[in-house]
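Visitor: Please read through the structure below; I'll follow up with questions.
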Ligand code: UDX
Ligand code: UDX
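Numbering (our numbering), first residue to last: 58 to 509.
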């Protein structure tokens, strides 16, 4: 079968690379309107950093995995078309700040209607509001000219940084589709693709709307756990409890489970906030304001956590960070990715820049250009310097902020760092990554999240 995917981003690229890798009988073409992105996919410097991705792309590119900007040809030739374009939060008009902006999805549907000359299975990979498939279907059917289109929902559950592992051994694959004879045939075709390497009992099939809603609900539940433990972290700081101990204690209850209970400076990433805002908007749209308010609380708690961290830094440092050099270690929204979308670091740095701090930022994978773009600071802005390692960033600094849990930060020589800093030397661990007692022994004024 010929498969095409529109959108060569963090989701489309790795997912299609894995399908090509596992299904040698299928030809997979990933297309994107962004020429630079496609060029990067075709080069040795991929646009997405994911452990294990390089090897898989290198092994399959040019064989049954292709990256191209020729969207029309790829659509025309494919039997199955994945939509993996971005669906950002709307910034304008009705639903601004909450609803999903579906213009790219709609454009894709219109493009398929325009260029397809035979039947197609269209698979929604992007996270979408419930009943988006209906709009896609209507656009396709109104322009069908005798062609038949089947729409499936196949939400992605991969997490960045572990995308290849998640794709290789998913907890489950979810496929939603019409429960009609043609719909069931289309579902079966997609099931067969995944069944090449995923156990049948891990491939769940549902109706379209359950599948779409399951994705939003999964992300809302995951984010809700983080906001819950972060809320408790504030109470721990007041009471002398240790949030990591509390998380461990509750996580051993098999009904709660240990995952996603790590207190942090706040969750980031392209999905959690966007999807919850979307869920909130949907609830309001369907006349359920109480349900909307409940889920909105998860976002409010996350905002509180991000700003609370900055406030604690400032109050600990004698209520002023003005003109003080502050080393920021980590800028990505989590370790093992170069993605900074909605990273808590953006908000923390923003708050400190407002207080006129001098930031020296180091991240192992995020480029200077990206950091400057996220913080809206030009290269000649004297308040922000981007460093090439942690030692340069921390030299002469008054404080260190750990904002991403990169493994390499655990291996730093903190004695050497301490000796190069201004005193008192503060360290704020926004990821509870380091051993605070060992740092205090060196002389640091060290604090973490929820460790009173
Ligand atoms: C995106 C969505 O953000 C997420 O909700 C969804 O679950 C999966 O797709 P991601 O892959 O991380 O996630 O987005 P991004 O890295 O921005 O990639 C989207 C790509 O689509 C971009 O490269 C963009 O150029 C491309 N695109 C967008 C098109 O090719 N055509 C369009 O019309 C619009
Ligand atoms: C998430 C979902 O996990 C994934 O299933 C979905 O497909 C896309 O959205 P992602 O955003 O890539 O994936 O990463 P994830 O590991 O979920 O982390 C999101 C944010 O939560 C990160 O900023 C992370 O640092 C933070 N986090 C995660 C915590 O603060 N504490 C935790 O216990 C777990």
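Cβ atoms here follow ideal geometry from the backbone N, Cα and C, with glycine treated the same way.
(1) Looking only at C-alpha atoms, which of 110, 354 and 159 sits nearest to residue 217?
(2) Determine the burial state of residue 377: buried for a count of at least 16 other Cβ atoms within 10 Å of its Cβ, exposed for fewer.
(3) Over the uninterrupted beta strand (DSSP E) stretch that includes residue 486, give me the two end residues.
(4) Got a sec: does ligand 2 put a non-hydrogen atom nearer than 7 Å to the Cβ of residue 213?
(5) Got a sec? Which residues, its chain only, sit under 8 Å from residue 440 by beta carbon, not counting five neighbours each side?
(6) For residue 497, which residues of its own chain have a beta-carbon under 8 Å away from its beta-carbon, when the five flanking residues on both sides are left out?
(7) Go to residue 198, then tell me how far its alpha helix (DSSP H) extends in each direction, as first and last residue.
(8) Please check the pair residue 192 and residue 163, which I expect to be a contact at CB under 8 Å, by giving their CB distance rounded to whole angstroms.
(9) Along the alpha helix (DSSP H) that carries residue 74, what are the first and last residues, could you check?
(10) Give me the Cα-Cα distance between residue 494 and residue 219, rounded to the nearest whole angstrom.
(11) Does DSSP put residue 181 in a helix, in a strand, or in coil?
(12) Which runs of the beta strand (DSSP E) at least 3 residues long sit entirely within the stretch 420-485? Give them in chain order.
(13) Cβ of residue 326 versus every heavy atom of ligand 2: is any distance shorter than 7 Å?
(14) Over what stretch of residues does the beta strand (DSSP E) that includes residue 414 continue unbroken?
(15) Give the secondary structure of residue 142 by DSSP, where H, G and I count as helix, E and B as strand, and everything else as coil.
(16) State yes or no: is the C-beta of residue 167 nearer than 7 Å to some heavy atom of ligand 1?
(17) Report yes if the C-beta of residue 164 is less than 7 Å from at least one heavy atom of ligand 1; otherwise report no.
(18) Does residue 292 pass the burial test, meaning 16 or more other C-beta atoms within 10 Å, or should it be called exposed?
(19) Quick one: Cα of residue 128 to Cα of residue 141, how far?
(20) Classify residue 189: buried if its beta carbon has 16 or more other beta carbons within 10 angstroms, exposed otherwise.
(21) Following the continuous alpha helix (DSSP H) through residue 112, name the residue where it begins and the one where it ends.
(22) From the DSSP output, read off the bridge partner residues of residue 598.
(23) State the DSSP-derived secondary structure class of residue 134, mapped to helix, strand or coil.
(24) Taking just the CA atoms, how far does residue 445 sit from residue 483?
(25) Please identify the residue among 455, 152 and 117 whose C-alpha is closest to the C-alpha of residue 375.
(26) Could you please give the first and the last residue of the uninterrupted beta strand (DSSP E) stretch that includes residue 383?
(27) What does the alpha-carbon distance come out to for the pair residue 277 and residue 473?
(28) Apply the 10 Å Cβ neighbour rule to residue 210 and answer buried if 16 or more other Cβ atoms are within range, or exposed otherwise.
(29) How about residue 487 and residue 366: are their beta carbons less than 8 Å apart?
(30) Is it the case that the CB of residue 270 approaches a heavy atom of ligand 2 more closely than 7 Å?
(31) Please report the straight-line C-alpha distance between residue 177 and residue 465, rounded to a whole angstrom.
(32) Give the straight-line distance between the Cα atoms of residue 505 and residue 359, rounded to the nearest whole angstrom.
(33) Check for me: the beta strand (DSSP E) holding residue 230 runs from which residue to which?
(34) Taking 7 Å as the cut-off, is the C-beta of residue 89 nearer than that to any heavy atom in ligand 1?
(35) Would you give the residue range spanned by the beta strand (DSSP E) that residue 59 belongs to?
(36) Touching or not, the stretch 93-109 and the stretch 143-150, by the rule of three or more beta carbon pairs under 8 Å?
Guide: The short version:
(1) If you number the chain shown from 1, residue 217 lands on position 160. When only C-alpha atoms are compared, the closest one is 110.
(2) To locate residue 377, count along the chain shown from 1; it is residue 320. Label assigned to residue 377: exposed.
(3) Residue mapping note: residue 486 aligns to position 429 of the chain shown, counting from 1. Where residue 486 is concerned, the enclosing beta strand (DSSP E) stretches over 483-486.
(4) For this step, residue 213 is matched to residue 156 along the chain shown. Checking the Cβ of residue 213 against ligand 2 gives yes.
(5) Position 383 of the chain shown, counted from the start, is the residue given in the question as residue 440. Exclusion of the five residues before and after residue 440 leaves 410, 413, 414, 415, 416 and 434 as the residues of its chain whose Cβ lies within less than 8 Å of its Cβ.
(6) As a first step, residue 497 must be located in the chain shown, where it is residue number 440. 503.
(7) Here residue 198 refers to the residue found at position 141 of the chain shown. Here the alpha helix (DSSP H) through residue 198 covers 189-199.
(8) The residue you call residue 192 lines up with position 135 of the chain shown. The residue you call residue 163 lines up with position 106 of the chain shown. Rounded, the Cβ-Cβ distance is 7 Å, consistent with contact.
(9) Against the chain shown, residue 74 aligns to sequence position 17. Segment 69-79, the alpha helix (DSSP H) holding residue 74.
(10) For the purposes of this step, residue 494 is taken as residue 437 along the chain shown, with counting starting at 1. For the purposes of this step, residue 219 is taken as residue 162 along the chain shown, with counting starting at 1. Whole-angstrom Cα-Cα distance: 30 Å.
(11) Looking up residue 181 in the chain shown gives position 124. Under the three-state reduction of DSSP, residue 181 is assigned to strand.
(12) The stretch 420-485 is shown to contain whole beta strand (DSSP E) runs of 3 or more residues at 441-443 and 456-459, in chain order.
(13) Numbered from 1 along the chain shown, position 269 holds the residue referred to as residue 326. Residue 326 Cβ: within cutoff of ligand 2.
(14) Numbered from 1 along the chain shown, position 357 holds the residue referred to as residue 414. That residue, residue 414, is in no beta strand (DSSP E); it is neither H nor E in DSSP.
(15) Indexing the chain shown from 1 puts residue 142 at position 85. Note: residue 142 maps to coil in three-state DSSP.
(16) As a working note, residue 167 is residue 110 in the chain shown. Taking non-hydrogen atoms of ligand 1 into account, the C-beta of residue 167 is found less than 7 Å away from none of them.
(17) Counted from its first residue, the chain shown places residue 164 at position 107. Flag set: Cβ of residue 164 near ligand 1.
(18) The residue you call residue 292 lines up with position 235 of the chain shown. Exposed: under 16 other Cβ atoms inside 10 Å.
(19) By one-based count along the chain shown, residue 128 stands at place 71. By one-based count along the chain shown, residue 141 stands at place 84. Spanning the two alpha carbons is a distance of roughly 13 Å.
(20) On the chain shown, position 132 is the one that residue 189 refers to. The residue in question, residue 189, is buried, as its Cβ has 16 or more Cβ neighbours within 10 Å.
(21) Locating residue 112 in the chain shown gives position 55, counting from the first residue. Residue 112 -> alpha helix (DSSP H) spans 110-117.
(22) Residue 598 falls outside the range modelled here, since the chain spans only 58 to 509, and no answer is possible.
(23) What you label residue 134 is simply residue 77 of the chain shown in a count that begins at 1. Helix at residue 134.
(24) Locating residue 483 in the chain shown gives position 426, where the first residue counts as 1. Locating residue 445 in the chain shown gives position 388, where the first residue counts as 1. The alpha-carbon atoms of residue 483 and residue 445 are separated by roughly 21 Å.
(25) The residue labelled residue 375 in the question sits at position 318 within the chain shown. Answer by Cα proximity: 455.
(26) Taking the first residue of the chain shown as position 1, residue 383 is located at position 326. First-last of the beta strand (DSSP E) with residue 383: 382-386.
(27) Against the chain shown, residue 277 aligns to sequence position 220. Against the chain shown, residue 473 aligns to sequence position 416. Residue 277 and residue 473: Cα-Cα distance of roughly 42 Å.
(28) Position 153 of the chain shown, counted from the first residue, corresponds to residue 210. Residue environment for residue 210: buried (at least 16 other C-beta atoms within 10 angstroms of its C-beta).
(29) Translated into positions along the chain shown, residue 487 becomes position 430. Translated into positions along the chain shown, residue 366 becomes position 309. Cβ distance < 8 Å, so residue 487 and residue 366 count as in contact.
(30) Walking along the chain shown from the start, residue 270 turns up at place 213. No.
(31) Counting from 1 along the chain shown, the entry for residue 177 is found at position 120. Counting from 1 along the chain shown, the entry for residue 465 is found at position 408. Inter-residue distance for residue 177 and residue 465 is about 47 Å (C-alpha atoms, whole angstroms).
(32) The sequence position of residue 505 within the chain shown is 448, counting from 1. The sequence position of residue 359 within the chain shown is 302, counting from 1. A straight-line Cα-Cα distance of about 17 Å links residue 505 and residue 359.
(33) Residue numbering aside, residue 230 sits at position 173 when the chain shown is read from its first letter. Taken as a continuous stretch (DSSP letters only), the beta strand (DSSP E) holding residue 230 covers 230-234.
(34) Locating residue 89 in the chain shown gives position 32, counting from the first residue. Result yes, Cβ under 7 Å from ligand 1.
(35) For the purposes of this step, residue 59 is taken as the residue at position 2 of the chain shown. Segment 59-63, the beta strand (DSSP E) holding residue 59.
(36) Taking a cut-off of 8 Å on C-beta distances, the stretch 93-109 does not touch the stretch 143-150, as fewer than three cross pairs fall below it.
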